[in-house]
Structure formats: structure tokens, C-alpha cells
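Peer 1: Going by full-length UniProt numbering, the residue at position 11 of the sequence shown is 11; the numbering climbs one at a time, nothing skipped. Input: one structure, supplied below.
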Amino acid sequence: MTIEIRPATPSDAPQILAFITELADFEKARHEVIASVADIERSLFGEGATAHGLICLRDGLPIGFAVFFFSYSTWLGSNCLYLEDLYITPEQRGGGAGKTLLRHLAKIACDNDCGRFEWSVLEWNTPAIEFYKSLGAQPQEEWVRYRMDGKVLREFAEG
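In C-alpha cells, the structure reads:
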């Protein structure tokens, strides 16, 4: 079985949204998915898009995806690669696709002189945490992630 990683294209938008929905189901957060195919097309492939997508295929069939973007570390004085989402369908897990996709992303980070490759994982997702640790990734437990969105974000921005 051959695993292939390729850049996502606009025609992948429906598949990406399907994977996002499957991931949200797994994370018990499907109710939070409001994205549409048009949103994916605009945000990943539109003019000025800052996020990038990858499609993971096994024997030519899509089995997963990743979405990432470049951030910046003032302490390092360099760009960093932030992995927003990585998903492999449940029936394809354990066959090397996730590791192949992460290695591909690591190469993108290295090719772009990134000082870090970072991502977040839900604290209850023990299989993912153990997998990431097996690759040498280390949790950054001293940092607490904060978020503003929706009404709170708009109200704060408006003062």
C-alpha cells in the first residue's frame, strides 16, 4: 500500500470539510463546525490565504488531511510551523499514514527555516499524546491557551 502526501487543491474542499466533520465527531464537537465548502475554498485557496492544506492518500484514495500555517517566534527570531489539524480516518490509523504526514510537515518546516513545529492536542486524547511522544514531541505544559471568538471577539474589538 502506497502512502502519498500532496498539496490540497480547491477541488479537495468537499473532502476536507468531510474530514473536518469526522474529526469534530471524534472530538465530541460536531456542533461547533460551521464551516462550509465555500469557507474552505476561500480560506485555504483564496487570494491572500495564509493557511495551507495537505491531502494524505493511500493507493490513490484520500484517507486524511492536515491544515497548517506559519507563525513567528520572537524569541527564536524565526518562522514556525503550526499544525492546526491532522486527521487520518479511523480504519487507516496504525498503518504509518499519520507519521508520514507529520514527517512531511516537519520537512516543510525545515525547508522554510522554521525554528519550531507545534500543535495542540486535547488532554483526553491519550492515543494521540502517546503517539506524539513516541516521535520525540514534548508537551508544553507551562503554557495555557486562550481564545476569543464570536460575540466576545466582536464586542472586544469594538471597544
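The beta carbon of each residue, even a glycine, is placed where N, CA and C say it ideally should be.
Can you tell me whether E118 is helix, strand or coil according to DSSP?
Peer 2: Taking the sequence shown and counting its residues from 1, one reaches residue 118 at position 118. Note: E118 maps to strand in three-state DSSP.
Peer 1: How would you label F65, buried or exposed, when you count the other beta carbons within 10 angstroms and need 16 or more for buried?
Peer 2: Here residue 65 refers to the residue found at position 65 when the sequence shown is read from its first residue. By the 10 Å Cβ count, F65 comes out buried.
Peer 1: May I have the straight-line CA-CA distance separating S36 from T21, to the nearest angstrom?
Peer 2: As a first step, residue 36 must be located in the sequence shown, where it is residue number 36. As a first step, residue 21 must be located in the sequence shown, where it is residue number 21. Computed Cα separation, rounded: 10 Å.
Peer 1: Can you have a look at I82 and say buried or exposed, based on whether 16 or more other CB atoms are within 10 angstroms of its CB?
Peer 2: To locate residue 82, count along the sequence shown from 1; it is residue 82. Checking the displayed sequence, the identity of residue 82 turns out to be Tyr instead of Ile. By the 10 Å Cβ count, Y82 comes out buried.
Peer 1: Buried or exposed for F68, please, with buried defined as at least 16 other CB atoms from any protein chain shown within 10 angstroms of its CB.
Peer 2: Residue mapping note: residue 68 aligns to position 68 of the sequence shown, counting from 1. Counting Cβ neighbours within 10 Å, F68 comes out buried, since at least 16 surround it.
Peer 1: Taking S73 as part of the alpha helix (DSSP H), name the residues at either end of that continuous run.
Peer 2: Locating residue 73 in the sequence shown gives position 73, where the first residue counts as 1. Unbroken run through S73 is the beta strand (DSSP E), L61 to S73; no alpha helix (DSSP H).
Peer 1: By the DSSP assignment, the alpha helix (DSSP H) with H104 in it spans what residues?
Peer 2: For the purposes of this step, residue 104 is taken as the residue at position 104 of the sequence shown. A97 to D111 is the extent of the alpha helix (DSSP H) around H104.
Peer 1: Nearest CA to the CA of P10: which residue from G53, A29 and Y132?
Peer 2: Along the sequence shown, one-based indexing puts residue 10 at 10. Minimum Cα distance to P10 is reached at G53.
Peer 1: Identify which residue in A29, R116 and T50 has its Cα closest to the Cα of S78.
Peer 2: One-based indexing of the sequence shown puts residue 78 at position 78. For S78, the nearest C-alpha among the options comes from R116.
Peer 1: With DSSP run on the structure shown, which of helix, strand or coil describes I20?
Peer 2: Within the sequence shown, residue 20 is the residue found at index 20, counting from 1. Note: I20 maps to helix in three-state DSSP.
Peer 1: Provide the residue(s) that pair with I53 in DSSP beta bridges, ordered along the chain.
Peer 2: Taking the sequence shown and counting its residues from 1, the one referred to as residue 53 is at position 53. The residue asked about is misnamed: residue 53 is Gly in this sequence, not Ile. Per DSSP, V67.
Peer 1: Is C110 buried or exposed, if buried means 16 or more other CB atoms sit within 10 Å of its CB?
Peer 2: Against the sequence shown, residue 110 aligns to sequence position 110. That one is exposed.
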